[in-house]
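**Q**
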Amino acid sequence: MTEKIRVRFAPSPTGHLHIGGARTALFNYLYARHNNGTFILRIEDTDRTRSTDEYIEAIIEGMKWLGLGWDEGPFRQTDRFDVYRSYVDRFIKEGKAYYCYCSAEELDERRKLAMAMGKPPKYDGRCRDLKGPVPGVTPAVRFRMPQSGQTIVDDLIRGPVTFDNAQLDDLIILRSDGTPTYNLTVVVDDVDMKITHVIRGDDHLNNTPKQIHVYKALGYEVPKFAHLPMILGSDKTRLSKRHGATSVMAYYEMGYLPDALVNYLVRLGWSYGDQEVFSREELVKYFSFENVGKAAAVFNPEKLLWLNGQYIINSPSEKLAELVMPFLIREKTAGEGQDIDMAWLSKAIGTLKERSKTLVELANSLRYYIAEEVEYNEKAKEKFLNEKSRGLLTELKDGLDSLPGFSHEGLEKAFKSVVEKHGVKLKDLAQPVRVAMTGGTESPGIFEVLEIVGKEKTIRRLEKAIKACM
RNA sequence: GGUCCCAUCGUCUAGUGGCCUAGGACGUGGCCCUCUCAAGGCUAAAACACGGGUUCGAGUCCCGUUGGGACCGCCA
C-alpha cells in the first residue's frame with residue numbers, strides 16, 4: 529500500500545465562497561473520497577488587512593451547504609506565525625534567504641519602469657549580496673531562487689511543464705512588518721500537513737516552480753500537482769460579479785439544490801462519457817484526473833437551471849416540502865407561524881415538481897394552493913371569465929357541491945357531465961376553472977388542483993369567479 | 001512586453017491514429033402527447049481555428065500561425 533493521500537482546500541477569507549473556489553474544493557473532496565484519503569480545510573489568512581472572520585464563517589457555511597465535508601481543520605495560518613518565522617530564520621542562517629531593504633514604493637516604481645521599457649518586471653536582486661543592514665530600514669526577507677537551470681512541474685492534468693530558472697523572481701517570504709507571505713506559508717503548511725496532492729486553480733501554475741524551490745530548501749519531497757482549468761464568464765474572461773451571481777450561497781438564495789450545483793460544477797472540466805447526472809456516490813466512484821480537461825470552461829447558467837429542475841423532479845416531495853419552507857415564508861406564500869400539514873404540502877408539491885426549476889418558483893406556485901383567495905391575472909380574467917363561461921362555471925359549481933366526496937374520479941365525472949351537456953370541449957371549461965382556482969392560465973392538471981385545494985375553498989373560488997364574469 | 005497554459009457545435013463535452021457520414025447534454029426551431037403550463041418522446045439546424053508536415057490513413061501525433069486565458073505584488 530502506498531502512502532495515504534492527503535489533499536487540502538486552502539481559500540483565503542477575503543470574500544465569500546465563490547463558484548471557482550467551490551469547484552476547486554469539490555475536486556479536492558472527490559479526489560480524497562475516491563482514494564479513501566484525507567481532505568483538509570485550511571484558511572490562508574496571512575493577509576490580515578483583507579481577511580475577516582465573517583468570510584471564514586461564510587466559506588464554512590458554503591462548504592457545508594454543498595455537502596463538502598472535510599476531515600481535518602479548519603486550520604488558520606494566523607495561528608501558526610511562529611512556525612513560519614522559525615523557517616525564515618533557518619533560511620537566513622543557511623543563506624537560502626536574505627534581507628531586502630527596498631521599499632514597496634521603490635519596487636513598485638522599478639516594476640512600472642521595467643514594464644514601460646518592455647522588460648520583464650523582475651526583482652533586480654540588488655539586496656542579494658548586501659554586506660550589512662541599511663540603517664533605519666526594517667527589511668523584508670527574500671528567498672534566493674536559483675539563477676540557472678530549469679524546473680519542471682509534473683502536472684497531473686497538463687503533464688510536464690518546464691520553466692527556466694533564470695526568470696524566477698526572488699520571492700518575499702516575510703513582510704517588513706514581520707508577517708509571512710503566501711508563497712512561504714503554503715509550502716510550509718503543505719509540508720507540515722503532509723499534503724500529497726496539491727489541487728488548485730490554473731492561476732497558480734506559474735507560481736509552482738518557485739514553490740518547488742521552497743520545498744527543496746525545506747528538504748522535503750515536492751507533492752504532486754494538479755492545476756484545474758479556470759471557470760470563465762460568458763465573455764470568456766475570468767468569472768466575476770459582472771457575470772451574475774458568483775457566491776455559492778447566492779445560489780441557495782435563488783432556490784438551487786446543493787447537489788445540482790455540485791453536479792453542474794463537476795461537469796465543468798470533468799466528464800464521464802456521455803453521462804450528465806451523477807449521484808454523489810457515482811461522483812466519488814468515477815472521479816479521476818484522467819477525465820479532467822485542460823481548457824477553461826464558460827459558466828452556463830441555463831444548463832445549471834435545467835440540472836436544478838432535474839434534481840427537483842427527482843427529489844422526494846417530502847424532502848422538498850422541508851426545503852421549501854423557508855422560501856414559503858420569504859416569498860410570503862405562507863405566514864411565519866402558519867400551520868401547514870406536511871403530508872398535504874408534499875402532495876401539492878408532487879404536482880408542481882416538474883414545473884419548478886428552483887425552490888423559489890416552487891414556493892411561488894404553491895401560493896394558489898395555500899392562500900385563501902387568488903388574485904386574477906388581468907388578461908386571463910378577460911379571456912376566460914366571461915358571459916360564456918359563467919353558465920359553465922355555475923353548473924360545475926352546483927355539480928361539485930352535490931358531490932359526496934372530492935376524489936379525482938368524482939371530479940372528472942362532474943366536469944364531463946357539464947361538458948357533454950353543453951357540447952363543448954374540456955378545455956372550454958378547464959381554462960375558466962383554472963383561472964378561478966389559480967388566477968392564471970398555467971397550472972397542474974385541473975382535477976389535481978381541485979383535489980388539493982379541497983371542496984370548500986373550490987366552491988368559494990368558483991363563486992367568486994362567477995361573480996367576476998362579465 | 002516576458003513566461004506559461006489552452007484550442008471539437010452558441011455553451012458544457014465524448015473522442016487516447018482507422019469503429020467519425022464527428023456522438024451526448026443545455027439552449028434554439030419543428031412534431032407528438034395534452035384541460036393549460038410543464039415534464040416526457042421524436043426530430044432539425046449547429047463544431048474539429050488556420051497552414052504545413054508525419055502516416056497507407058489525422059479531430060486524434062509534430063511544427064508554425066492566429067486567437068483566448070493565466071501569472072509576472074511586502075494578494076492569495
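So for the first sequence, our numbering puts the first residue at 529; every next one is plus one. Think of the CB as a built atom: it goes at the ideal place given N, C-alpha and C, for glycine as much as any other residue.
1. What first and last residue would you give for the beta strand (DSSP E) that runs through Y626?
2. Can you name the residues that DSSP bridges to Q678?
3. Taking just the CA atoms, how far does I857 sit from D590?
4. For the alpha helix (DSSP H) holding F855, just list the boundary residues, first then last.
5. Does the Cβ of H725 have 16 or more other Cβ atoms within 10 Å, making it buried, or fewer, making it exposed?
6. Looking at the structure shown, is H725 part of a helix, part of a strand, or coil, going by DSSP?
7. Roughly how many angstroms lie between the CA atoms of A745 and D717, to the nearest whole one?
8. Could you pull out every unbroken alpha helix (DSSP H) segment of at least 4 residues lying fully inside the stretch 718-800, listed in chain order?
9. With a Cβ-Cβ cutoff of 8 Å, do C655 and Y615 count as a contact?
10. Starting from E600 and walking both ways along the beta strand (DSSP E), at which residues does that stretch end?
11. Specify, as a first and last residue, the run of the beta strand (DSSP E) that I571 falls within.
12. Beta-carbon separation of A942 and L924 under 8 Å?
13. Since P708 sits in a beta bridge, which residues does DSSP pair it with?
14. Can you give the beta carbon distance from L1050 to L887, rounded, assuming they're within the 8 Å contact cut?
15. Which same chain residues end up closer than 8 Å to A773 when comparing Cβ atoms and leaving out the 5 residues on each side of it in sequence?
16. How about the stretch 534-542 and the stretch 575-586: do they share at least three Cβ pairs that are nearer than 8 Å?
17. If you run the structure through DSSP and keep just helix, strand and coil, what is G687?
18. DSSP on V535, reduced to helix/strand/coil?
19. Helix or strand or just coil, what does DSSP make of A824?
20. Select from I974, A823, I987, I533 the residue whose C-alpha is nearest the C-alpha of D731.
21. Can you tell me whether V750 is buried or exposed, with buried defined as 16 or more other CB within 10 angstroms of its CB?
22. Which residue's Cα is closest to the Cα of L699: T690, V715, V689?
23. Assess, as a yes-or-no matter, whether the stretch 686-706 is touched by the stretch 558-571 under the definition of 3 or more beta carbon pairs within less than 8 Å.
24. Using only the alpha-carbon positions, how far apart do C997 and K769 sit?
25. Taking the alpha-carbon positions, what's the V977 to S971 distance?
26. Mind the definition here: the stretch 829-843 touches the stretch 791-805 only if three or more C-beta pairs lie below 8 Å; say whether that holds.
27. Measuring straight from C-alpha to C-alpha, what distance separates F603 and M721?
28. If you follow the alpha helix (DSSP H) that V902 is part of, which residue opens it and which one closes it?
29. Going by DSSP in three states, V669 sits in which element: helix, strand or coil?
30. With E804 as the anchor, note down where its alpha helix (DSSP H) starts and where it stops.
31. DSSP puts H546 in a beta bridge; with which residues?
32. Closest to V963 by CA distance: which of I987, I980, E600, F912 is it?
**A** According to the structure shown:
1. 625-628
2. D692
3. A small fix is needed here, since residue 590 is Gly in this sequence, not Asp. Whole-angstrom Cα-Cα distance: 22 Å.
4. 845-858
5. buried
6. Three-state result, H725: strand.
7. Using only the alpha carbons, I get a separation of about 14 Å.
8. 736-746, 776-781, 786-794
9. Going by C-beta atoms, C655 is not nearer than 8 Å to Y615.
10. 600-604
11. 566-571
12. yes
13. BP columns for P708 point to L702.
14. Nothing about residue 1050 can be read from this structure; the chain reaches only from 529 to 998.
15. Y779, M782
16. The answer is yes - the stretch 575-586 touches the stretch 534-542, with three or more Cβ pairs under 8 Å.
17. Note: G687 maps to strand in three-state DSSP.
18. Strand, per DSSP.
19. If DSSP states are grouped into helix, strand and coil, A824 belongs with coil.
20. A823
21. The residue in question, V750, is buried, as its Cβ has 16 or more Cβ neighbours within 10 Å.
22. V715
23. no
24. Going by the C-alpha atoms only, they are around 48 Å apart.
25. 8 Å
26. yes
27. 10 Å
28. Run containing V902: none; DSSP gives neither H nor E here.
29. strand
30. Taken as a continuous stretch (DSSP letters only), E804 belongs to no alpha helix (DSSP H), as it is neither H nor E.
31. S775
32. F912
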